[in-house]
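Student: Numbering (my numbering), first residue to last: 1144 to 1280. Below is a structure I'd like to ask you about.
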């Protein structure tokens, strides 16, 4: 989830809008999927951070039932670091960033709606305190 968070939030709205207006059919399709999600940046951020925290906390609890505690912590740290942080961030911020983000857009929307009772109020609070994300031109 961390790689996805970095990947989504580092997509430039202007570049996406340019692809939507002037890009190939594939680029327009990707932009069509991403623009609605990226228009709600705080909600997206809170959703992805909540799911990331959930996964990172659940893994050692699950592993603890299979292996001793110290091994559960060790395995969890290695797995989260490699497969939850380093590899996803390298992939999600690479040249196929928009393509990857659009492929996982349905899952992201699902997560946003399934966590709505928790994440949406927090996102609205962030909007009120920090202001909504505005596009820079």
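Idealized CB from N, CA, C, for every residue including glycine.
Which same chain residues end up closer than 7 Å to residue 1265 when comparing Cβ atoms and leaving out the 5 residues on each side of it in sequence?
Tutor: Sequence index remark: in the chain shown, residue 1265 carries index 122 (1-based). Result list for residue 1265: 1189, in chain order.
Student: So residue 1262 and residue 1193 are in contact, right, with Cβ under 8 Å, and what is the actual spacing, rounded?
Tutor: Walking along the chain shown from the start, residue 1262 turns up at place 119. Walking along the chain shown from the start, residue 1193 turns up at place 50. That pair is a contact at about 6 Å.
Student: Does residue 1251 pass the burial test, meaning 16 or more other C-beta atoms within 10 Å, or should it be called exposed?
Tutor: For the purposes of this step, residue 1251 is taken as the residue at position 108 of the chain shown. Classification for residue 1251: buried.
Student: Relative to the C-alpha of residue 1198, which candidate in 1171, 1176, 1182 and 1228 has its C-alpha closest?
Tutor: Sequence index remark: in the chain shown, residue 1198 carries index 55 (1-based). It is 1228 whose Cα lies nearest to the Cα of residue 1198.
Student: Tell me whether the segment 1234–1244 and the segment 1203–1211 touch, counting them as touching only if at least three CB pairs, one residue from each stretch, are closer than 8 Å.
Tutor: No: fewer than three Cβ pairs fall under 8 Å.
Student: From residue 1217 to residue 1223, what does the alpha carbon distance come to, in whole angstroms?
Tutor: For the purposes of this step, residue 1217 is identified with residue 74 of the chain shown, where counting begins at 1. For the purposes of this step, residue 1223 is identified with residue 80 of the chain shown, where counting begins at 1. Approximately 10 Å, taken between the alpha carbons.
Student: Less than 7 Å separating the beta-carbons of residue 1231 and residue 1219?
Tutor: Numbered from 1 along the chain shown, position 88 holds the residue referred to as residue 1231. Numbered from 1 along the chain shown, position 76 holds the residue referred to as residue 1219. Contact flag unset, no.
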